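I have placed the structure first, in the form of structure tokens, so that the comments after it can refer back to it.
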Amino acid sequence: MAVRVQREDFDPGNELERLSAGNHDIGGVASFVGLVRDVAGGEEVSAMTLEHYPGMTEKLLAEIEAEANERWPLEASLIVHRYGRLAPGDRIVLVATASAHRHAALESCQFLIDWLKTKAPFWKLEESGSSGEKWVAARATDDRAAARWKQSSDKDEAAE
Amino acid sequence: MAVRVQREDFDPGNELERLSAGNHDIGGVASFVGLVRDVAGGEEVSAMTLEHYPGMTEKLLAEIEAEANERWPLEASLIVHRYGRLAPGDRIVLVATASAHRHAALESCQFLIDWLKTKAPFWKLEESGSSGEKWVAARATDDRAAARWKQSSDKDEAAE
Amino acid sequence: MKILYFAWLRQQTGIDTEEVEAPGEVTDVAGLLDWLKTRGPGHAAALADLSAVRVAVNQEFAELDAEVAPGDEVAIFPPMTGG
Amino acid sequence: MKILYFAWLRQQTGIDTEEVEAPGEVTDVAGLLDWLKTRGPGHAAALADLSAVRVAVNQEFAELDAEVAPGDEVAIFPPMTGG
Chain V
1 MAVRVQREDF
11 DPGNELERLS
21 AGNHDIGGVA
31 SFVGLVRDVA
41 GGEEVSAMTL
51 EHYPGMTEKL
61 LAEIEAEANE
71 RWPLEASLIV
81 HRYGRLAPGD
91 RIVLVATASA
101 HRHAALESCQ
111 FLIDWLKTKA
121 PFWKLEESGS
131 SGEKWVAARA
141 TDDRAAARWK
151 QSSDKDEAAE
Chain S
1001 MAVRVQREDF
1011 DPGNELERLS
1021 AGNHDIGGVA
1031 SFVGLVRDVA
1041 GGEEVSAMTL
1051 EHYPGMTEKL
1061 LAEIEAEANE
1071 RWPLEASLIV
1081 HRYGRLAPGD
1091 RIVLVATASA
1101 HRHAALESCQ
1111 FLIDWLKTKA
1121 PFWKLEESGS
1131 SGEKWVAARA
1141 TDDRAAARWK
1151 QSSDKDEAAE
Chain X
2001 MKILYFAWLR
2011 QQTGIDTEEV
2021 EAPGEVTDVA
2031 GLLDWLKTRG
2041 PGHAAALADL
2051 SAVRVAVNQE
2061 FAELDAEVAP
2071 GDEVAIFPPM
2081 TGG
Chain R
3001 MKILYFAWLR
3011 QQTGIDTEEV
3021 EAPGEVTDVA
3031 GLLDWLKTRG
3041 PGHAAALADL
3051 SAVRVAVNQE
3061 FAELDAEVAP
3071 GDEVAIFPPM
3081 TGG
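Chains as they are written, first to last, in the working numbering: chain V, 1 to 160; chain S, 1001 to 1160; chain X, 2001 to 2083; chain R, 3001 to 3083.
In structure tokens:
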């Protein structure tokens, strides 16, 4: 289990290699890399700045990673999230999970990225050549994506 | 879109880098790497040999990759599957998908690996120090995982 | 009490961190936000629509009725847009 | 007709590929498998339980009632275990 919040870029190949190195109980490694797009909501994006809440970010990422490790039988997990000014094509975030079985790896990876989108204290400021700077608004689809990971006990109550 | 069936190892970092290079419409890259475990069904595994059906394998992988590209708005996709004799910790398969949006990437990646487990003409022979060679049996859980990706029109019919 | 502002709340208030001494009748998040509005036009504008604002007290997400006390770290920010 | 065997079917028959001329009454996969059983004890053992066997005709998965004809490539193998 590891969490890093950093300004510097990361190397997904190295990170994945280190995640599973020497652990022959691992049958699958799932990962997701988020990249800066050059368009958002139909508008060209020339750069993006990610602001975060130092201290709380690391604390929350460690908590959600611990929750993923409770809910799925993971052999290893990693979250790396960058902050600062990024250009289109730059890496923003890496989530990687390793497990004996592929579904635990794939599901926990999706759980972590859905969670990051709505609950991690990051804010995106987009720069556009035509319309200047704009804070990205939260999206309802991201809230719905995060909501479907509510524990099944919650879901059972909602269904009753 | 690309499919490779090869004896040689592959470098996940390089593959992911090439998949998204220069395409700033990509917002997320999902990937899964399958590894040889040193234990299966409670028994120690010292090595594994993957046999496949040359010609049919490549054809089917290309077909399923095309289907993923029809079902999800993908910017890029890649399947690399190895054959031959592998040791615990060795990489077996890489599936990677890239899209503007993370759910398309994550779901299509899971679709492809579920499909590979049951429909790609590969067969695993496990070697164990204690009990010799054994062909791996197909698993019902893998069939169920593949079945849930049936097109929604099929599902609608089943629900009626 | 230490108040932190992020994203457009930081820009509108013109402040990233401020040390404040709230009056004794401020005991919860709602009361604190109401009092912060009085600190200037930037604060008033930033906190005009509380539905657009999220709060954390001592680095835990908090609702409007959560308690606050001297010494707390209170962060005010818009809904998160990470990942 | 070209017959390919994979995995334990290859081991039990002792053959990976064989060229065969099936009699005229063999027109579908079921008939072909029945006839292949008569080619020797290895074939008979390998094809004893058809529920454990999958077939592809010209590299397309095929059911027992699928047609086969001279010139076809017919592959016989257990359920797949890739990934």
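Beta carbons: idealized from backbone N, C-alpha and C, even for Gly.
If you're wondering where the values come from, they're calculated on a predicted model, not measured in any experiment.
Backbone secondary structure at residue i - three-state DSSP
i, result
"glutamate 3073 of chain R", "strand"
"glutamate 8 of chain V", "coil"
"tryptophan 162 of chain V", "Look at the range of chain V in this structure, 1 to 160, and you will see that residue 162 of chain V is not part of it."
"serine 128 of chain V", "strand"
"aspartate 156 of chain V", "Unreliable placement is indicated for aspartate 156 of chain V, whose pLDDT of 43 sits below 50; no coordinate value is reported for it."
"alanine 3030 of chain R", "helix"
"arginine 2039 of chain X", "coil"
"isoleucine 64 of chain V", "helix"
"glutamate 1050 of chain S", "A small correction: the amino acid at residue 1050 of chain S is leucine; glutamate does not occupy that position in the sequence shown. If DSSP states are grouped into helix, strand and coil, leucine 1050 of chain S belongs with the strands."
"threonine 2017 of chain X", "strand"
"arginine 139 of chain V", "coil"
"leucine 3064 of chain R", "coil"
"leucine 2047 of chain X", "coil"
"glutamate 2025 of chain X", "coil"
"alanine 3056 of chain R", "strand"
"threonine 1002 of chain S", "Note on identity: in this sequence residue 1002 of chain S is alanine, with threonine being the wrong assignment. If DSSP states are grouped into helix, strand and coil, alanine 1002 of chain S belongs with the strands."
"glutamate 58 of chain V", "helix"
"arginine 3010 of chain R", "helix"
Residue closest to residue i, alpha-carbon to alpha-carbon, out of the options
i, options, result
"proline 1012 of chain S", "V:Glu8, V:Phe10, V:Asp9, V:Glu17", "V:Glu17"
"tryptophan 1149 of chain S", "S:Val1033, S:Lys1059, S:Arg1139, S:Gln1110", "S:Gln1110"
"valine 5 of chain V", "V:Val45, V:Leu94, V:Pro88, V:Ala138", "V:Leu94"
"phenylalanine 2006 of chain X", "X:Pro2070, X:Ala2044, X:Arg2054", "X:Arg2054"
"lysine 134 of chain V", "V:Ala140, V:Glu126, V:Thr141", "V:Glu126"
"threonine 2017 of chain X", "X:Gly2082, X:Met2080, X:Ile2076", "X:Ile2076"
"serine 1077 of chain S", "S:Glu1015, S:Met1056, S:Thr1141, S:Ala1137", "S:Glu1015"
"leucine 35 of chain V", "V:Gly55, V:Leu86, V:Asp142, V:Pro73", "V:Leu86"
"glycine 42 of chain V", "V:Val136, V:Pro54, V:Asp142", "V:Val136"
"proline 1054 of chain S", "S:Arg1144, S:Ile1092, S:Met1001, S:Ala1120", "S:Ala1120"
"proline 2078 of chain X", "V:Gln151, V:Ala138, V:Asp90, V:Arg7", "V:Ala138"
"methionine 1001 of chain S", "S:Gly1089, S:Gly1027, S:Pro1073, S:Asp1143", "S:Pro1073"
"arginine 82 of chain V", "V:Ala105, V:Ala21, V:Thr57", "V:Thr57"
"lysine 3002 of chain R", "R:Pro3070, R:Met3080, R:Thr3081", "R:Pro3070"
"threonine 3081 of chain R", "S:Ser1020, S:Ala1105, S:Arg1007, S:His1052", "S:His1052"
"glycine 1022 of chain S", "V:Leu19, V:Asn23, V:Phe122, V:Gly89", "V:Gly89"
"tryptophan 2008 of chain X", "X:Glu2060, X:Phe2061, X:Ala2048", "X:Ala2048"
"serine 1020 of chain S", "S:Ala1105, S:Lys1059, S:Phe1122, S:Trp1115", "S:Ala1105"
"leucine 1142 of chain S", "S:Lys1059, S:Trp1115, S:Gly1084", "Looking at the sequence itself, residue 1142 of chain S is aspartate, so the reference to leucine does not match. Measuring from the Cα of aspartate 1142 of chain S, the nearest candidate turns out to be S:Trp1115."
"glycine 1084 of chain S", "S:Lys1059, S:Phe1122, S:Ala1140", "S:Phe1122"
Nearest-angstrom beta carbon gap, residue j and residue i [assumed within contact, 8 Å]
i, j, result
"valine 1045 of chain S", "valine 1039 of chain S", "6 Å"
"aspartate 25 of chain V", "glutamate 75 of chain V", "6 Å"
"aspartate 2065 of chain X", "alanine 2022 of chain X", "Actually they do not touch by this definition, with Cβ atoms about 16 Å apart."
"alanine 3046 of chain R", "glutamine 3012 of chain R", "4 Å"
"valine 1003 of chain S", "alanine 1096 of chain S", "Not a contact, Cβ separation roughly 12 Å."
"valine 2068 of chain X", "threonine 2038 of chain X", "About 16 Å; that fails the 8 Å criterion."
"alanine 146 of chain V", "lysine 124 of chain V", "17 Å between Cβ atoms; not a contact."
"glycine 3083 of chain R", "isoleucine 1113 of chain S", "6 Å"
"glutamate 2063 of chain X", "leucine 2004 of chain X", "That belief does not hold up - the Cβ atoms of glutamate 2063 of chain X and leucine 2004 of chain X are roughly 18 Å apart, past 8 Å."
"glycine 2014 of chain X", "glycine 2042 of chain X", "5 Å"
"arginine 1091 of chain S", "aspartate 1009 of chain S", "6 Å"
"leucine 3032 of chain R", "leucine 3050 of chain R", "Not really, about 11 Å apart at Cβ, beyond 8 Å."
"alanine 1068 of chain S", "serine 1108 of chain S", "5 Å"
"valine 37 of chain V", "glycine 1027 of chain S", "Here residue 37 of chain V turns out to be arginine, not valine, going by the sequence shown. At roughly 5 Å, the Cβ-Cβ gap stays under 8 Å, so arginine 37 of chain V and glycine 1027 of chain S are in contact."
Cβ-heavy atom distance, residue i to the ligand ZN, below 6 Å
i, result
"threonine 2013 of chain X", "Looking for the ligand ZN in the displayed structure turns up nothing, as the structure carries no ligands at all."
**Message:** For a minimum of 3 consecutive residues, which ranges assigned as the beta strand (DSSP E) are wholly contained in the region 1069 to 1122 of chain S?
**Reply:** 1074 to 1082, 1084 to 1086, 1091 to 1099
**Prompt:** Does the pairing of the region 47 to 65 of chain V with the region 98 to 106 of chain V give three or more beta-carbon distances under 8 Å?
**Reply:** no
**Request:** Please confirm if the region 53 to 66 of chain V is in contact with the region 129 to 144 of chain V, defined as three or more CB-CB distances below 8 Å between the two stretches.
**Result:** no
**Asked** Fully enclosed by the region 1006 to 1047 of chain S, which beta strand (DSSP E) runs are 3 residues long or longer?
**Response** 1028 to 1035
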